[in-house]
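Its first residue numbered 1, the sequence shown is counted upward by one per residue in UniProt numbering. Beta carbons are placed, not taken as given, at the ideal position from N, Cα and C, and that holds for glycine. Down below is the structure, laid out as structure tokens.
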Amino acid sequence: MKIFFLKTTLFLMFLTLFSCETKKQKAEPKAYKAGVILSFDDAYVDEWAEADAALKKYGWKATFNVCRIDSIGAPEIKKLLQMQKEGHEIAGHGYHHYNALKFVKQNGIDAYMKQEIDPMIVSMKKKSFKVTSFAYPYGERSDELDKALSKKFKIIRGRAFGGEAPEKQDSYFNNSKIVFAFDIDNSHIHFSIPYVLELLDYAKKNNKILLLCGHKPVRNVTENYQTKIETLEFICKYMKENNLKFYTLSDLDNLLPEN
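Here it is, written out as structure tokens:
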């Protein structure tokens, strides 16, 4: 009887270990093609639509992170819905565009969710936007905020502020729902076309997904928070010539390892 019990126990232990190992195998990163996520913040809808018209020839798609949704006029909402229909992503960027880190420090996480996140989700849903991603205003975040927002969104985007060598840069997808984008606005201290080329080359050679962000696409830069359409053309041409794939933020959710 004791021998039978021992054999049964060992067998059950083996099954448990095998089951755990199977789960570990399921959590392995998924294979994906090298590519780029182009994302834009705030509410420059007319300029986004102009950039879309200029870049359609590349088969591009982008993620537009919208703030102050109830301050956007009906013609602009119509443009956003059309871009969503064509495969672009419309994501969240805050109801009032509060700096999340500063707001939470002064008012707490519950107040932030009630004032900045919940009304944004409700309003965007009413306007038929399928919001599953969120980009932090000003790129500032914390682990506490990540945890709270993870209950509402599948992908959460911050910003990579430095200009490190590509292999040390945070602006590549790393099999996490918390991601970071490098700023390609012309006024960004670390932005330059040669540096963006380094980032693109690294993504291509190492099969990475590079995340980039900007604000207002323009032909001629006149102030801060503007991205040259010429820069976007350069990126899109590189991608087409090197067979890189256009991703949106929400596409990353399908690439996350299964739990």
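Element boundaries [alpha helix (DSSP H), containing Tyr172]: One-based indexing of the sequence shown puts residue 172 at position 172. Looking at the DSSP string, Tyr172 is not in any alpha helix (DSSP H), and its letter there is neither H nor E.
Rounding to the nearest angstrom, what Cα-Cα distance links Gly73 and Ala51 in this structure? Translated into positions along the sequence shown, residue 73 becomes position 73. Translated into positions along the sequence shown, residue 51 becomes position 51. Roughly 19 Å separates the two Cα atoms.
DSSP beta-bridge partners for Val36? Position 36 of the sequence shown, counted from the start, is the residue given in the question as residue 36. Answer is Leu210 and Phe246.
How many Å lie between Trp48 and Lys216 at the Cα? Here the question's residue 48 lines up with position 48 in the sequence shown. Here the question's residue 216 lines up with position 216 in the sequence shown. Distance between the alpha carbons of Trp48 and Lys216: 7 Å.
From the DSSP output, read off the bridge partner residues of Glu89. Indexing the sequence shown from 1 puts residue 89 at position 89. Looking at the DSSP assignment, Glu89 forms a beta bridge with Thr63.
What are the uninterrupted segments assigned as alpha helix (DSSP H) that are 4 or more residues long and contained completely in the region 81–142, given in chain order? 100–107, 109–112 and 118–126
Terminal residues of the continuous beta strand (DSSP E) containing Val218? Residue numbering aside, residue 218 sits at position 218 when the sequence shown is read from its first letter. Start and end: Lys216 to Val218.
Going by C-alpha distance, which of Tyr44, Tyr32, Lys240 and Lys204 is nearest Glu76? Working through the sequence shown from its first residue, we reach residue 76 at position 76. The candidate whose alpha carbon is nearest that of Glu76 is Tyr44.
Spatial neighbours of His88 within its chain, please: CB distance less than 6 Å, with the 5 preceding and 5 following residues excluded, ordered by chain position. Locating residue 88 in the sequence shown gives position 88, counting from the first residue. Answer for His88: Lys61 and Ala62, listed in chain order.
Measure the Cβ-Cβ separation of Ile155 and Thr132 and say whether it is below 8 Å. The sequence position of residue 155 within the sequence shown is 155, counting from 1. The sequence position of residue 132 within the sequence shown is 132, counting from 1. Yes, the Cβ-Cβ distance between Ile155 and Thr132 is below 8 Å.
Assuming the contact rule is C-beta atoms closer than 8 Å, Ala181 and Leu145 should be a hit. Round their C-beta distance to whole Å, please. Sequence index remark: in the sequence shown, residue 181 carries index 181 (1-based). Sequence index remark: in the sequence shown, residue 145 carries index 145 (1-based). Not really, about 17 Å apart at Cβ, beyond 8 Å.
Does the distance from the C-beta atom of Asp41 to that of His93 stay below 8 Å? Taking the first residue of the sequence shown as position 1, residue 41 is located at position 41. Taking the first residue of the sequence shown as position 1, residue 93 is located at position 93. Going by C-beta atoms, Asp41 is nearer than 8 Å to His93.
Extent of the continuous alpha helix (DSSP H) to which Ala49 belongs: Locating residue 49 in the sequence shown gives position 49, where the first residue counts as 1. Its alpha helix (DSSP H) spans residues Val45 to Leu55.
For Ala233 and Ser176, I'd like the C-alpha separation in whole angstroms. Residue numbering aside, residue 233 sits at position 233 when the sequence shown is read from its first letter. Residue numbering aside, residue 176 sits at position 176 when the sequence shown is read from its first letter. For clarity, residue 233 is Glu in the given sequence; the question names Ala instead. Each residue's Cα considered, the two are about 29 Å apart.
Helix, strand or coil: how does DSSP classify residue 285 here? Any property of residue 285 remains undetermined from this structure, which presents the chain solely from 1 to 259.
How would you write the range of the alpha helix (DSSP H) that Thr231 sits in, first residue to last? Taking the sequence shown and counting its residues from 1, the one referred to as residue 231 is at position 231. Here the alpha helix (DSSP H) through Thr231 covers Ile229 to Glu241.
Measuring CB to CB, does residue 267 end up less than 8 Å from Lys204? Look at the range of the chain in this structure, 1 to 259, and you will see that residue 267 is not part of it.
Val218: which of Ile117, His188 and Glu230 sits nearest, CA to CA? Translated into positions along the sequence shown, residue 218 becomes position 218. It is Glu230 whose Cα lies nearest to the Cα of Val218.
When you compare each of Val196, Leu101 and Ser128 to Met83 by their alpha carbons, which one comes out closest? Position 83 of the sequence shown holds residue 83. Out of Val196, Leu101 and Ser128, Ser128 has the C-alpha closest to the C-alpha of Met83.
Roughly how far, in whole angstroms, is the beta-carbon of Cys213 from the beta-carbon of Asp183, given that I think they are within contact range, below 8 Å? Position 213 of the sequence shown, counted from the first residue, corresponds to residue 213. Position 183 of the sequence shown, counted from the first residue, corresponds to residue 183. Yes, they are in contact, since the Cβ atoms of Cys213 and Asp183 sit about 6 Å apart, within 8 Å.
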